[in-house]
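Okay, structure first, notes after.
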Amino acid sequence: MEIFDFNVETNESAFFCPSCSNLLDFRYMTQKITCSVCKYESDPDLFEGKLLITQKNYVSDLEDENSSLSSNDDDNKIDEEKTQKTEKDESSEEEQLFVDERASITVYCPQCEKERKTLFSTAQLRSVDEGQTIFYQCLTCNHKWSQHN
-17 MEIFDFNVET NESAFFCPSC SNLLDFRYMT QKITCSVCKY ESDPDLFEGK LLITQKNYVS
43 DLEDENSSLS SNDDDNKIDE EKTQKTEKDE SSEEEQLFVD ERASITVYCP QCEKERKTLF
103 STAQLRSVDE GQTIFYQCLT CNHKWSQHN
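Going by the working numbering, the residue at position 111 of the sequence shown is 93; the numbering climbs one at a time, nothing skipped.
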């Protein structure tokens, strides 16, 4: 079995549409894999025997409650965790449930008005032909801001 581990630094993966470079969504695959952007269609057999590995590590205090769920509830819980997006609030206990996987860099903080060590992450929020959005959080004053590239 061929394993494809997504390379974040180079964005290399065999699971992008060859026509428009959109990430192909296998969740709703029936007889064909269809790109949600350009409607390119591909035979699922092309991906047979290939495995894409992605993961998100969660740390939870609720493991005892989760163990009492029925198998159907477990499946629903897994689906919810895969699609869940959270905004971190510094005063919230929710922040303790997630492992912070953001990288750090020294940049100018507009609130401190100095170069400070910050955590950052990126996301493709706009169209494919535009740059990514970078999200920063100052480790000194906890100020959060974003920059569109």
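Where a beta carbon is used, it is the ideal one built from N, C-alpha and C, also for glycine.
By the neighbour-count criterion, in which a residue is buried when 16 or more other Cβ atoms sit within 10 angstroms of its Cβ, Q13 is exposed.
I87 counts as exposed, since fewer than 16 other C-beta atoms from the protein chains shown sit within 10 angstroms of its C-beta.
Around the CB of C20, fewer than 16 other CB atoms lie within 10 Å, so the residue is classed as exposed. Taking the C-beta atoms as reference points, Q114 is found nearer than 7 Å to Q106. Relative to R98, the option among F(-2), S3 and H125 whose CA is nearest is H125. Take S3, set aside five residues on each side of it, and the residues of its chain with a beta-carbon closer than 7 Å to its own are V110, in chain order. Nearest Cα to W127 within the set L5, P26 and S103: S103.
Less than 7 Å separates the beta-carbon of S24 from that of I15. The C-alpha of C17 is placed about 43 Å away from the C-alpha of T122.
Nearest to C91 by alpha-carbon distance, out of T100, E112 and H130, is T100.
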